[in-house]
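Asks:
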Amino acid sequence: MVNTILSIALGIMLLSIILSLIRFVKGPCYTDRVIAFDVMTISSLAIIAGVAYLTGRIIYLDIAMVYGILSFIGVLIVARYLEKGL
Amino acid sequence: MEILAIIGAFITLIGSIFLLLGSIGLLRMPDCFNRIQAGTKASTLGTILSFTGILLIMPGWWGKLLILIISVIITNPVSSHVLARASHYIKVPLTKATLVNKYEEDEKYIPVEDQKTEEE
Chain A
17 MVNTILSIAL GIMLLSIILS LIRFVKGPCY TDRVIAFDVM TISSLAIIAG VAYLTGRIIY
77 LDIAMVYGIL SFIGVLIVAR YLEKGL
Chain B
2 MEILAIIGAF ITLIGSIFLL LGSIGLLRMP DCFNRIQAGT KASTLGTILS FTGILLIMPG
62 WWGKLLILII SVIITNPVSS HVLARASHYI KVPLTKATLV NKYEEDEKYI PVEDQKTEEE
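Top line first, the protein sequences correspond to chains A and B. Just so we're on the same page, my numbering is the position in the first sequence counted from 1, plus 16. Just so we're on the same page, my numbering is the position in the second sequence counted from 1, plus 1.
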C-alpha cells in the first residue's frame, strides 16, 4: 500500500521534471533557464528522499543535502554573474 | 503505526501534486517574474510536504529530514529573491498585461557599489 502510493508520487515528480525541462530548452531569457534548473533540482531532492525510503538506506539523504546546497550556490553564482559582480 | 505510514504516503502524494502544479505554472505563465513566482513557491511547499510524508513513514530518520526541511525553507526564498533582483537589473521586459509598474518611474536605479564610486 505505502510502496504503491510512493511509486505513484515518484512518477508525478518525474513528470514535473520533464515539464520544466521544456521550459529549460525554450526559455527566452536567462532567468527562465536558471529558474527551470532550480525547479528541476528541488524536484529531484524529493525524488531522492523517496528512493531512500524505497531502498531503505538513510545514507541517500546525505546526497540530498549536498545536492541542495550545490544547487543554491549555483543559482547565487549565476545571479551574481548577471549583475556583473563577477 | 500502519495508519501513520499511510497518512504519510498520502502527504507525499499531495506534495508531488504541488510540484507538478509548479512546473505547469512554469510552462504557462507569460512573464519572467511570474515564472519565478510560480516555480519557486509551489516547489518549496511540495518539497516540504514530501519530506514531512517521509518523516511520518519512517520516524527514525527525523534528524536528517529535519535538517533538509530547514535548509529548504531557508535557501529557496533567498535564491528566488536573488534571481528576481538580477532579472530586474538586466531589464527583462514585462508582459503586456502589466497594470502598475512602480519601478518604471525609478529610472535612476543604481546598485549600491556604483553609488560609492560616483561619490568618490
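Just so it is clear, CB atoms sit at the ideal spot from N, CA and C, and this is done for glycine as well.
Short check: CB of S88 of chain B to CB of M81 of chain A, under 8 Å?
Replies: no
Asks: Have a look at L98 of chain A and P44 of chain A and give me their C-alpha separation to the nearest angstrom.
Replies: L98 of chain A and P44 of chain A have their C-alpha atoms roughly 15 Å apart.
Asks: With distances taken Cα to Cα, identify the nearest neighbour of T99 of chain B among B:D32, B:L56, B:G26.
Replies: B:D32
Asks: Should N77 of chain B go down as buried or exposed, given a rule of 16 or more other Cβ atoms within 10 Å for buried?
Replies: buried
Asks: Give a yes or no on whether 8 Å exceeds the smallest Cβ distance from T71 of chain A to chain B.
Replies: no
Asks: Have a look at I58 of chain A and K100 of chain A and give me their C-alpha separation to the nearest angstrom.
Replies: 26 Å
Asks: Can you find a CB in chain B that lies within less than 8 Å of the CB of I24 of chain A?
Replies: yes
Asks: Since R49 of chain A meets chain B, which of its residues come closer than 9 Å, beta carbon to beta carbon?
Replies: Near R49 of chain A there are no residues of chain B at all, since even the closest Cβ is about 11 Å away, more than 9 Å.
Asks: Could you name each continuous alpha helix (DSSP H) segment of 4 residues or more that falls completely within the stretch 5 to 43 of chain B, going from the start of the chain to the end?
Replies: As far as the stretch 5 to 43 of chain B is concerned, it has no whole alpha helix (DSSP H) run of at least 4 residues.
Asks: Report buried or exposed for K65 of chain B, applying the criterion of at least 16 other Cβ atoms within 10 angstroms of its Cβ.
Replies: buried
Asks: I51 of chain A and M29 of chain A - do their beta-carbons sit closer together than 8 Å?
Replies: no
Asks: Given S51 of chain B, which residues of its chain have a CB within under 7 Å of its CB, disregarding the five upstream and five downstream residues?
Replies: T13, G16, S17
Asks: Output, in chain order, the set of chain A residues within a Cβ distance shorter than 8 Å of I37 of chain B.
Replies: Residues of chain A passing the Cβ test: T47, I51.
Asks: Under the rule that 16 or more other beta-carbon atoms within 10 Å means buried, what is I79 of chain A, buried or exposed?
Replies: By the neighbour-count rule (16 or more Cβ atoms within 10 Å), I79 of chain A is not buried but exposed.
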